């Protein structure tokens, strides 16, 4: 290590396509996390849904890369990031993302969809000094006993292998009309799910099962936005409105999409982020 260097991060550059550099950062817990980055200016952290990867955000990145600095990691055990040896929590994922911000850009607009939105909640509650604003899309903030049982069932299904999860997952994410109109996007999500580690996928569902940041959200002081998909089969509009009402001064926006609003409507989603960046 060079004299005076106190960071525990090691960053390596790679390239995966023409639109975004892919790099790696090794965290103090020893995990090597892969992330994409693009653009310059105000920093924005983009966090993906369960079973997917940072490239989930590529269409939103294309919309915004000339306006801000975008960082889009693969969560631990997802995409090109190291899989951990033991189960993890949403707080563990949030701490990974906080470490990445410390290493790369400092405080950022923190944005998450689905599981990524739960991690965004955790970051806003646990490390508010690193969250200049938070955008929470297509996700819950409360979990009752029935919801916890459903998440546990999804974990047990994942342990049987990723093919067992496909049909129910894709039908929750996309309605039949969207699947017919955009088979290429649905196929890409299917491929990524099939490439996922079933053990990590099960651990992710158990982390989701234990979501518990509602009380902390009621104390937030940073700018916040909640984004609902009008046809979201996993997180209904009513649940998103309830979250928005629990976060002080939160903006509430709706997008004509299913559960993966950034994928289905990247232009609309990017406009929501522009609104937040303008604050």
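Numbering (this note's numbering), first residue to last: 4 to 282. All C-beta atoms in this analysis are idealised placements derived from N, C-alpha and C, irrespective of residue type, glycine included. Please read all numbers here as calculations on a predicted model, not as lab measurements.
Query                                                                                                                                : Result
The stretch 126-146 in contact with the stretch 217-227 per 3-pair CB rule at 8 angstroms                                            : yes
Within 7 angstroms, strictly: CB atoms of residue 238 and residue 143                                                                : yes
Pairwise C-alpha distance: residue 89 and residue 272                                                                                : 34 angstroms
Residue(s) in a DSSP beta bridge with residue 150                                                                                    : Beta-bridge pairing links residue 150 to no other residue.
Beta carbon of residue 229 nearer than 7 angstroms to that of residue 245                                                            : no
Residue burial classification, residue 269 (beta-carbon count within 10 angstroms, cutoff 16)                                        : buried
Coil, strand or helix - residue 36 by DSSP                                                                                           : strand
Test item: CB-CB of residue 288 and residue 123 under 7 angstroms                                                                    : Because the chain is modelled from 4 through 282, residue 288 falls outside the range shown and cannot be assessed.
Alpha-carbon to alpha-carbon, residue 262 and residue 199                                                                            : 19 angstroms
Cβ neighbour criterion (16 or more within 10 Å) applied to residue 251                                                               : exposed
Assumed close pair residue 27, residue 46 - CB separation to whole angstroms, cut-off 8 angstroms                                    : With a Cβ gap of about 18 angstroms, residue 27 and residue 46 do not count as contacting.
Residue 30 classed as buried or exposed, judged by whether at least 16 other C-beta atoms fall within 10 angstroms                   : buried
DSSP state of residue 24 mapped onto helix, strand, coil                                                                             : strand
Residue 233 and residue 257 closer than 7 angstroms at C-beta                                                                        : yes
Extent of the continuous alpha helix (DSSP H) run through residue 120                                                                : 118-129
Host beta strand (DSSP E) of residue 254 (start-end)                                                                                 : 254-258
Under the three-state DSSP convention, the category residue 30 falls into                                                            : coil
C-alpha distance - residue 25 paired with residue 43, whole-angstrom precision                                                       : 15 angstroms
Own chain, CB closer than 6 angstroms to residue 78, minus 5 neighbours either side, in chain order                                  : 96
Coarse secondary structure for residue 73, derived from DSSP in three states                                                         : strand
Residues that residue 230 bridges to, as DSSP identifies them                                                                        : 140 and 256
Sheet register partners of residue 115 (DSSP bridge)                                                                                 : 50 and 139
Cα-Cα separation between residue 195 and residue 231, rounded to whole angstroms                                                     : 24 angstroms
Under 7 angstroms between C-beta atoms of residue 82 and residue 41                                                                  : no
Residues of its chain near residue 236, where Cβ-Cβ distance is below 6 angstroms and the 5 sequence neighbours each way are ignored : 175
Close Cβ partners of residue 157 (< 7 angstroms) along its chain, the five nearest in sequence each way excluded                     : 208
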